[in-house]
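Asker: Sharing a structure, written as structure tokens. Questions coming.
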Amino acid sequence: MRTAAELNIKESGIIAEIDFSHPSSKRIIEHGFTPGQTIELVNKSIFNDPIALSIRGTLIALRKSEAGCIKLK
Amino acid sequence: MKTNSDLQVPLITLVGPPNSGKTTLFNILSGKNYKTVNYPGSTVEYYTSRFLPKYNINAELLDSPGIVSLLPESPDENVAVDSLYSHPKLGTPDLLISTIDSCQLSRHLLLPMQLINSGFNVIIVVTMTDILAKRGLKISESKLSKALNCDVVVINGRSKEGVDKLIEVINSNLDRIGESDKKNIIPYTSIQDKKDLVGTFKEIENVIHSVYEPLNKNEKINVSSANNELKILQDKIVTNEFSPDKVTLKIDSILLHRFWGFLIFLIVMGLTFTSIFWLAQPLMNLVDELFTTLNTLVIENFEPGWFTFLVSDGIISGTGSVLVFVPQILILFLILGLLEDSGYLARGAMLIDKPLSKIGLNGRSFVPMLSGFACAIPAMIAARTIPNRKERLFTIFIIPLMSCSARIPVYALLIAYLLPKDKPWLGGIILGGIYFFSIITSIVVAWFINKFSKRIFSANESSSFILELPSYRIPKLSAVLSNTYNSSKQYLLRAGPTILGFSLLLWFLTFFPNINPEVETTGRTTEQIQNLERAERLEHSFASDLGILIQPFMSPIGMDWRVGVSLISAFAAREVFVSSLALTFKVTSEDDEEQSTLLNSLGDAKIEATGEKLFTVATSIGLIVFFIFALQCLSTVAVSRKETGGWKIPILQVFIFTGLAYFMTFLTVNGLRFFGVQ
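For the record, the sequence lines run as chains A and B. Start counting at 1 in the first sequence, then tack on 50, and there's your number in the working numbering. Start counting at 1 in the second sequence, then tack on 101, and there's your number in the working numbering.
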């Protein structure tokens with residue numbers, strides 16, 4: 051199963067589930083990353099990390115290690 | 102549970118996620134012009150106020166720290182949520198006003214939903230409808246109100262439209278609710294946990310389906326005329342209502358570009374960094390001159406005696422050493438405020454996060470660290486925006502390693518001393534080299550300290566970087582200016598008394614007990630006599646006793662007690678080192694030639710015991726190295742104690758950095774000597 055961390059630039063995906071065992075999972079859901087939402091990887095930083103995802107009309111920057119708990123369909 | 106009944110007035114608390122317009126609303130209601138934030142998480146402190154008299158509401162208004170939900174995980178989130186339920190000073194709120202961004206309903210409704218489920222009385226205030234209107238949409242107050250079963254008011258923060266209605270609604274709510282209502286409030290954590298968040302978002306999605314409505318025709322006309330006034334970098338018509346702002350995406354394709362983005366970031370930060378110095382320098386000189394003139398005026402016009410010197414050398418010079426940094430702090434906060442309000446600073450944090458995470462820091466540590474090159478005090482205060490406790494403490498810990506501007510006069514003197522007379526251009530290169538060396542060594546030291554971070558910071562939060570990137574907008578100058586003013590005031594209030602206090606203490610140590618020294622007066626001008634008296638007084642002062650006490654520590658690094666005394670004096674403020682050196686080496690010239698004369702006397706100075714030259718190339722470079730590492734600024738220690746909530750970190754900082762400075766100086770001086778450099 052792919053995760054949000056594996057998206058390419060300008061590629062979008064639909065969230066299948068959030069891995070609750072990840073320590074940042076609560077914060078990620080609070081920012082609106084919930085199953086069924088469409089996300090798009092908008093930018094990557096120079097070191098490929100962190101990445102900027104668009105979710106619910108907003109841009110959120112987060113580390114790849116954290117984006118890894120967003121599982122895609 | 103403590104209630105607000107002893108206050109006799111109801112408590113109304115403002116809550117809302119970052120970037121929801123909460124602080125703007127607080128400013129409108131309280132009339133106090135605090136910061137309007139464009140950087141998530143920046144309202145870390147509380148602000149309380151009464152309503153402006155014109156609103157005629159007798160209630161306490163509390164601006165709470167920005168929270169996203171009622172399910173806390175970190176210690177800081179715990180504090181924020183706990184004090185929402187029962188504020189340590191103000192008790193449980195009678196009424197909550199929850200702000201939400203109209204363009205972000207699907208994210209921002211989370212908190213008000215939780216608050217309502219928790220049993221609070223809630224009024225929802227919908228903000229930023231001007232931006233929504235440009236997408237051809239509006240929010241139906243009545244439908245949202247019905248769906249959530251609470252009052253909803255739409256407010257325009259710029260035109261203040263809707264504020265009157267909010268006042269009405271607050272009054273009708275206050276009339277309706279009774280003291281017993283608060284008994285229904287139950288902690289949210291007892292009914293829901295993080296797995297229920299997904300369900301709450303589902304509920305929100307059902308609610309918002311019906312509340313967005315298209316604007317009707319005449320409203321659209323108003324909007325297009327408003328568009329010209331709104332200087333927001335936003336597309337006029339966005340077809341898809343839930344896609345991010347198009348213009349922001351376009352700008353980001355450059356500013357967050359894999360290659361250009363980072364280059365632009367380095368240039369922007371480089372310009373910020375250099376302007377702190379070049380723009381502030383003339384103003385700092387002005388402040389300095391003003392206080393020197395005042396000082397001279399007092400000495401010339403009053404009988405010489407301990408009281409005159411207390412006023413001139415103690416109080417006036419002490420106040421001067423506090424105020425000399427104000428121009429720099431003003432300019433720093435002005436530039437950073439403009440960058441923050443435009444939305445760029447969040448991007449900067451994103452770009453620099455990866456390298457900083459390698460040494461246990463966070464992208465959000467960058468701005469505080471950059472500020473540290475101006476002055477550690479505002480830098481430590483700026484570190485409050487870092488949500489993770491360990492990373493915040495770590496950032497505060499290494500800030501003193503950033504080479505602050507107070508060290509420049511010391512570097513300048515020693516560089517001038519080392520430079521061959523015919524190559525003055527070399528000075529800039531050496532100064533640049535000092536900064537480069539200081540940055541590299543800071544990274545190494547930070548990496549090393551990170552190895553012991555668990556023991557030092559005793560916090561075990563997992564590192565995280567999740568940051569909202571707000572839409573770009575033209576910064577609002579008025580908000581930035583008022584924030585700049587408040588930050589400078591904070592510096593003066595926090596650091597001012599400490600710096601002044603220690604200046605007075607050091608004045609005492611350098612002035613007593615030899616108040617009336619006898620000097621040879623024949624053939625000397627009054628000014629020369631005064632300077633000789635000062636030098637004589639210092640030589641037999643308590644400070645020199647202290648200096649002699651540390652003589653055993655000074656010899657291994659090739660220096661003597663006179664340098665020791667100046668190093669002790671530098672604890673009041675580093676730049677005092679230069680004037681103190683001038684005193685100890687009995688510089689008796691007129692003011693304008695002080696530096697060149699000081700350079701000559703430094704060149705002549707001999708170590709008393711051995712008769713060797715005191716200021717050699719080796720010892721001068723050694724002194725520069727000492728100043729790069731040492732934490733010899735008592736106001737930094739005071740602020741560090743305040744910001745870290747204890748003595749542990751400031752004491753460790755003093756010992757580690759000053760110890761490191763001593764060790765590195767020892768290595769430098771003896772290493773250079775070993776290779777034949779004297």
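Beta carbons: idealized from backbone N, C-alpha and C, even for Gly. Nothing here was measured: the structure is a model prediction, and the numbers come from that model.
Roughly how many angstroms separate the alpha carbons of F764/B and I535/B, rounded to a whole number?
Answerer: Roughly 18 Å separates the two Cα atoms.
Asker: Between L122/A and the ligand FMN, is the CB less than 7 Å from at least one heavy atom?
Answerer: With respect to small molecules bound, the structure shown includes none, and the ligand FMN cannot be examined in it.
Asker: Put E619/B into one of helix, strand or coil per three-state DSSP.
Answerer: The answer is coil: DSSP assigns E619/B none of H, G, I, E or B.
Asker: Extract the residue ranges of the alpha helix (DSSP H) inside the stretch 402–488 of chain B, only unbroken runs of 4 or more that lie entirely within it.
Answerer: DSSP runs (the alpha helix (DSSP H)) wholly in the stretch 402–488 of chain B: 407–410, 418–424, 427–443, 445–459, 467–472 and 477–483.
Asker: Give the straight-line distance between the Cα atoms of I105/A and T496/B, rounded to the nearest whole angstrom.
Answerer: So the two alpha carbons sit approximately 30 Å from each other.
Asker: Strictly below 7 Å CB to CB, what residues from chain B border R77/A?
Answerer: Chain B residues near R77/A: S565 and I567.
Asker: Which residues share a DSSP beta bridge with L570/B?
Answerer: For L570/B, which the question treats as bridged, DSSP gives the partners L109/A.
Asker: Run through chain B and tell me which residues come within less than 8 Å of S74/A, C-beta to C-beta.
Answerer: What S74/A touches in chain B: S563, S565 and I567.
Asker: I'd like the ranges of any alpha helix (DSSP H) spanning at least 4 consecutive residues and lying wholly in the stretch 702–769 of chain B.
Answerer: Fully enclosed alpha helix (DSSP H) runs of 4 or longer: 718–730 and 735–745.
Asker: Taking beta-carbon pairs under 7 Å, can you tell me which members of the stretch 196–227 of chain B lie near chain A?
Answerer: Here the close residues are C204, Q205, S207, R208 and L211.
Asker: Using a Cβ cut-off of 8 Å (strictly closer), state whether A111/A contacts chain B.
Answerer: Output row for A111/A: interface = yes.
Asker: Quick check: what's the CA-CA separation for R774/B versus E744/B?
Answerer: Computed Cα separation, rounded: 42 Å.
Asker: Over the uninterrupted beta strand (DSSP E) stretch that includes E161/B, give me the two end residues.
Answerer: Its beta strand (DSSP E) spans residues E161 to D164.
Asker: Please check if any C-beta of chain A sits within less than 8 Å of the C-beta of E174/B.
Answerer: It does; some Cβ of chain A falls within 8 Å.
Asker: Look at the alpha carbon of A513/B and the alpha carbon of F538/B, and state the distance between them as a whole number of angstroms.
Answerer: Approximately 16 Å, taken between the alpha carbons.
Asker: Can you check whether the C-beta of G362/B is within less than 8 Å of a C-beta belonging to chain A?
Answerer: Closer than 8 Å to some Cβ of chain A, the Cβ of G362/B qualifies, so yes.
Asker: Once you ignore the five residues that flank W748/B on each side, which residues in its own chain have a CB closer than 7 Å to its CB?
Answerer: Only R742 meet the Cβ criterion.
Asker: Indicate whether at least one CB of chain B lies closer than 8 Å to the CB of G107/A.
Answerer: Taking Cβ atoms only, chain B reaches closer than 8 Å to G107/A, which makes this a yes.
Asker: For a test of the three-state rule: what should DSSP assign to T585/B, helix, strand or coil?
Answerer: Helix, per DSSP.
Asker: Chain A beta carbons: is any one of them nearer than 8 Å to that of F558/B?
Answerer: Chain A, which has no Cβ nearer than 8 Å to the Cβ of F558/B, makes this no.
Asker: Should D69/A go down as buried or exposed, given a rule of 16 or more other Cβ atoms within 10 Å for buried?
Answerer: The residue is exposed, with fewer than 16 neighbouring Cβ atoms inside 10 Å.
Asker: How would you list, in chain order, the residues of chain A whose beta-carbon sits under 8 Å from the beta-carbon of F302/B?
Answerer: Ordered by position in chain A, the residues that pass the 8 Å Cβ test against F302/B are I79, G82 and T84.
Asker: Alpha carbon to alpha carbon, how far is L582/B from Y148/B? Give it in angstroms, no decimals.
Answerer: Roughly 19 Å separates the two Cα atoms.
Asker: Under 8 Å between C-beta atoms, does F94/A make it to chain B?
Answerer: Just to set this straight, residue 94/A is Lys in the shown sequence, not Phe. At least one chain B Cβ lies under 8 Å of K94/A.
Asker: With a cut-off of 8 Å on the beta carbons, I'd call V270/B and D252/B a contact; round off their distance for me.
Answerer: 5 Å between Cβ atoms; contact.
Asker: In this structure, how does DSSP classify P657/B when only helix, strand and coil are distinguished?
Answerer: Residue state, collapsed to three classes: helix.
Asker: Tell me which residue opens and which closes the beta strand (DSSP E) that I89/A is part of.
Answerer: Start and end: T88 to K94.
Asker: Am I right that E314/B and S241/B are in contact with their C-beta atoms under 8 Å? What's the rounded C-beta distance?
Answerer: Confirmed, about 5 Å.
Asker: List, in chain order, every chain A residue whose beta-carbon is nearer than 8 Å to that of M385/B.
Answerer: None at all; the shortest Cβ gap to chain A is about 35 Å.
Asker: What ranges does the alpha helix (DSSP H) occupy inside the stretch 157–235 of chain B, keeping only unbroken runs of at least 4 residues that lie completely in it?
Answerer: Those alpha helix (DSSP H) runs which fall completely within the stretch 157–235 of chain B and span 4+ residues are 176–186, 206–209, 211–218 and 230–234.
Asker: Pop quiz: L267/B and I278/B are said to be a contact at Cβ under 8 Å. What is the actual Cβ separation, rounded to whole angstroms?
Answerer: Incorrect: roughly 16 Å between the Cβ atoms, too far for contact.
Asker: Is the distance from the Cβ of I217/B to the Cβ of V226/B below 8 Å?
Answerer: Not closer than 8 Å, so no.
Asker: What is the residue span of the alpha helix (DSSP H) that R493/B lies within?
Answerer: From DSSP, the alpha helix (DSSP H) with R493/B extends over R490 to I499.
Asker: Looking only at its chain, what residues have a beta carbon closer than 8 Å to the beta carbon of D294/B, apart from the 5 residues adjacent to it on each side?
Answerer: Hits under 8 Å: L172.
Asker: Do I715/B and A517/B have their C-beta atoms closer together than 8 Å?
Answerer: A quick correction: the sequence has Leu, not Ile, at residue 715/B. Cβ distance not < 8 Å, so L715/B and A517/B don't count as in contact.
Asker: Which class does G237/B belong to by DSSP, given the choice of helix, strand or coil?
Answerer: G237/B: coil per DSSP, three-state reduction.
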